[in-house]
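Numbering of the sequence shown is given in our numbering, commencing with residue 1 and proceeding in unit increments. Note that CB positions come from ideal geometry on N, CA and C, so glycine has one too.
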Amino acid sequence: MNPSAPLLEFSGVAKSYGQRLLFRRVSARFFPSSISMLSGANGAGKSTLMRIAAGLAHPDAGIVTRNVSAGSIGYMAHATFIYPSLDARENLLFWARAAGIPRPGHKADEALEKTGLRHCAHEKAGLFSRGMAQRLNLARLLLCDPRLILLDEPSTGLDPESRAMLARLMLEARDRGAAILWISHNPEELSAVADRFFFLRDRTLEEGAAPC
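Next up, the structure:
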């Protein structure tokens, strides 16, 4: 693949639910080594667009091009995708093995270390606070060293220290060549991190300047 080619591209994408049009004529390209912020009002369709980007929903019109394999996409949604009866490490081992990731034990320990969860690796995930569950969800995302990272309000439930850790890890992923699309209800928090700023409004996607 051309290293300068976009990892994700929307071309004239549209989506409706019943008679309600969410968005139309959405076109954008997301390149390696970039962090793009996406914001918009509640109900504008941000999460739907993210699910389309991940391949978990289909547009009614338009084309979505992903120049990465499915195993190189990391998607962090509102749901944490963790199993409460398993401990933190067991959760990561399950996901690593399900994805066919080599050396699952090593990758699980590495992800726990990166997200500050090594000390509670053997605690049941069902006992975690929302913030701890989000950290484990982030650790799950990091298992496959994703090249395309899709974050749907990942800072929900995180304290300031954890939000700083999230930003640092995403900057490291960007520096390794990942393209990151990040939904935030607080765009000001990403003004020092993101390279590009997109706004879903008036049923389409617009690129603009960093929020003040």
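| Would you say Tyr75 touches the ligand MG, meaning its beta carbon is less than 8 Å from a heavy atom? | In the structure on display, the ligand MG does not appear, and there are no ligands present to speak of.
| For Ile52, the first and last residue of its enclosing beta strand (DSSP E) | Unbroken run through Ile52 is the alpha helix (DSSP H), Lys46 to Ala54; no beta strand (DSSP E).
| task | Let me know the alpha helix (DSSP H) ranges lying completely inside the region 75-110, each 4 residues or longer, listed in chain order. | result | 88-98
| said: Among the candidates His185, Arg174 and Phe199, whose CA atom is the shortest distance from the CA of Leu7? | reply: Arg174
| message | Let me check one thing: in DSSP terms, what residues is Ser34 bridge-paired to? | response | Ala179
| field | For Arg147, three-class secondary structure by DSSP | value | coil
| task | Mind checking who Gly208 pairs with in its DSSP beta bridge? | result | Phe197
| Which class does Arg20 belong to by DSSP, given the choice of helix, strand or coil? | strand
| query | By Cβ distance, which residues of its chain are closer than 7 Å to Phe30, with the 5 residues on each side in sequence left out? | reply | Pro6, Leu7, Leu8, Ser36, Ala179 and Leu181
| request: Would you kindly report the start and end of the unbroken beta strand (DSSP E) that includes Arg66? | output: Ala61 to Arg66
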